[in-house]
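Chains as they are written, first to last, in our numbering: chain A, 965 to 1450; chain B, 3 to 116.
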């Protein structure tokens, strides 16, 4: 072999390799673009679905005197199926008298989850109505099967490949096969109301974690409605007013975090003191991923039951949107788009939403017309008020809201404390109708800041209660604090 | 809180509504009645003189935005004047100064309508 032919062969094989690599690269690039496009389309689709759902639930409460449970459940199921692109779904509600769960709403060809269909019967039932009748007729005992499991433990269940899971019933008939299944509990306070189930995505792919999060958000919203509808049925007008107040209080209690998250390197503390009339304050902590924590505090403009429903809608919308972006301004923009479309024109929500990077200790703040948070630096005696332009949610259209909103980034250091609050704190009144005021509030914060977030909370609470004495307050008082640990 | 006194003054092509006292959830319906009356009479150019206003609830502020919006749809507006620093701060905090037109003096607002 001459040197020439060997270099020619080398060149040829080099070119071949290059071609192979390029086409493989191209193939991956095309696939990646396809995947991204699909993901983007899915995100857009999910947003549209959330729009629709919030609109629907809002509609049921704001514009209708009678809350029809079955109609609402069917709507919830319709949106649940659309959100997750599920081929079929069912809502099982807990029936007290029977101490069992029953399918109260069914859509698509939903297989009997108890798996008690015998082969003869299975062959005979070819029509979807027959299947539906079977599913509806069959009570599921507590702790029985997947529905019982989701209800008893109060946790969602996602089974991507259901055909390999022994808990999922198998059927010979192709149309009854469960390929992928998703179950989320419906709870109000500690009480299990039911279980929302969807099966088989229409595109044949398995359900994913994002489907679970969205479905749980829908189920949470629906639970508030189910609880409300169930109790209100049998009351007269006067009882209803009292009842509404109690429910408003229950909703508020149910929506506040049960526990403050415990995270490495950050101390978190929060309190909410509801007023007689229920002012509609709330706060929330959302774990976005391993490194990012979303922190929200909000004040809705309505009081009583309307305020409570508004609050629950804001919370669901925020929770759904928060998982889609780490930029608090993007999240608030998305929340506003939903709220502006669907809430009464004169109602609004002021919200402060911050995202803390637990690793880098960077805090990004976006403010939708809410009180500005105060930042006490370990190295300095004075406060920095973190200001960023923005306006309340739900009052301005996309253009005006988004042109105004800007986020602010601050780099926190060990020992720094950040406090956020609602106006109920600074505008608390004493017997002579004097306001507590921002100055006194910041003074209480700064005295306790070196001792940590919980110390700040305790000190503010003590001084505030001493100031107002026994005077009944008109507005909720909510405060949250975070401190960066060493 | 002081009960809110609401006085309406009709000018040639606009109206001045003077507020004196506190606007909360109990007194706001009366202002609503006044503003609805103006709208029904096709008088969409309104100036809210807030020099005597010492409190306004956030719900009332939200409702004012609704009135301003509908007035604008009819080639009019609802302008605010004479806000105390405290009330202006609340409006600014909520970002509503980006939506509502606010003037220091009544005369400035009047000029806009003339």
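Glycine included, C-beta positions come from ideal geometry on N, C-alpha and C.
If you're wondering where the values come from, they're calculated on a predicted model, not measured in any experiment.
| Asked | Found |
| --- | --- |
| Alpha carbon to alpha carbon, how far is residue 1314 of chain A from residue 1447 of chain A? Give it in angstroms, no decimals. | 24 Å |
| Are the stretch 1262–1270 of chain A and the stretch 1303–1320 of chain A in contact at 8 Å, needing three or more beta carbon pairs? | yes |
| Per the DSSP calculation, residue 1455 of chain A is bridged to which residue(s)? | Any property of residue 1455 of chain A remains undetermined from this structure, which presents chain A solely from 965 to 1450. |
| Consult DSSP for residue 1032 of chain A and reduce its assignment to one of helix, strand or coil. | coil |
| Is residue 58 of chain B close to chain A? Criterion is C-beta to C-beta, closer than 8 Å. | no |
| Quick check: what's the CA-CA separation for residue 1159 of chain A versus residue 1306 of chain A? | 27 Å |
| Between the beta-carbon of residue 1358 of chain A and the beta-carbon of residue 1317 of chain A, is there less than 8 Å? | no |
| Just curious, the alpha helix (DSSP H) that residue 1285 of chain A is in, first and last residue? | 1268–1286 |
| Return the Cβ separation of residue 1373 of chain A and residue 1299 of chain A in integer angstroms, given the expectation that the two are a contact with Cβ distance under 8 Å. | In fact, because the Cβ distance is near 20 Å, the residues do not count as touching under 8 Å. |
| What does residue 100 of chain B reach in chain A if we use C-beta pairs closer than 7 Å? | 1355, 1364, 1368 |
| Within 10 Å of its beta-carbon, does residue 1168 of chain A have 16 or more other beta-carbons around it, so buried, or fewer, so exposed? | exposed |
| I'd like to know whether the C-beta atoms of residue 1445 of chain A and residue 1381 of chain A end up nearer to each other than 8 Å. | yes |
| In chain B, which residues lie with their C-beta within 9 Å of the C-beta of residue 1333 of chain A? | 95, 96, 97, 98 |
| With DSSP as the reference, label residue 1429 of chain A as helix, strand or coil. | helix |
| Let me make sure I understand the geometry here. Which of A:1127, A:1388, A:1413 has the alpha-carbon closest to that of residue 1346 of chain A? | A:1413 |
| Could you tell me whether the Cβ of residue 1310 of chain A comes closer than 8 Å to any Cβ of chain B? | yes |
| Quick one: list the residues of chain B neighbouring residue 1266 of chain A, beta-carbon separation under 8 Å, in chain order. | 61 |
| Report the start-end ranges of each alpha helix (DSSP H) in the stretch 60–107 of chain B that is 4 residues or longer and not cut off at the edges. | 60–75, 87–95 |
| When you compare the CB of residue 21 of chain B with every CB in chain A, is at least one pair closer than 8 Å? | no |
| Are the stretch 18–37 of chain B and the stretch 1425–1437 of chain A touching by the rule of at least three beta carbon pairs closer than 8 Å? | no |
| Distance cutoff 8 Å, beta carbons only. Does residue 1055 of chain A sit that close to anything in chain B? | no |
| Cα separation between residue 117 of chain B and residue 25 of chain B? | Residue 117 of chain B falls outside the range modelled here, since chain B spans only 3 to 116, and no answer is possible. |
| Work out the CA separation of residue 1070 of chain A and residue 1028 of chain A for me, nearest whole Å. | Note that residue 1028 of chain A scores a pLDDT of 41, beneath 50, so its modelled location is shaky and nothing firm can be said. |
| DSSP state of residue 1303 of chain A, grouped into three classes? | helix |
| So with CB distances below 7 Å, who are the chain B contacts of residue 1360 of chain A? | 101 |
| Please identify, using Cβ separations under 9 Å, the residues of the stretch 1314–1345 of chain A that lie next to chain B, in order along the chain. | 1314, 1331, 1332, 1333, 1334, 1335, 1336 |
| Have a look at residue 116 of chain B and residue 34 of chain B and give me their C-alpha separation to the nearest angstrom. | 25 Å |
| What is the DSSP secondary structure of residue 1337 of chain A, counted as helix, strand or coil? | coil |
| Under the three-state reduction of DSSP, which class applies to residue 1097 of chain A: helix, strand or coil? | helix |
| In the DSSP assignment, find the beta strand (DSSP E) that holds residue 9 of chain B and state where it starts and stops. | 7–12 |
| Going by Cα to Cα distance, which pick from B:75, B:104, B:77, B:73 is closest to residue 85 of chain B? | B:104 |
| Hey, is residue 65 of chain B's beta-carbon within less than 8 Å of any beta-carbon in chain A? | yes |
| Since residue 1155 of chain A sits in a beta bridge, which residues does DSSP pair it with? | A:1152 |
| If we cut at 8 Å on Cβ distances, does residue 68 of chain B have a partner in chain A? | yes |
| So what's residue 1037 of chain A in DSSP terms, helix, strand or just coil? | helix |
| Please say whether residue 1235 of chain A and residue 1421 of chain A have beta carbons closer to each other than 8 Å? | yes |
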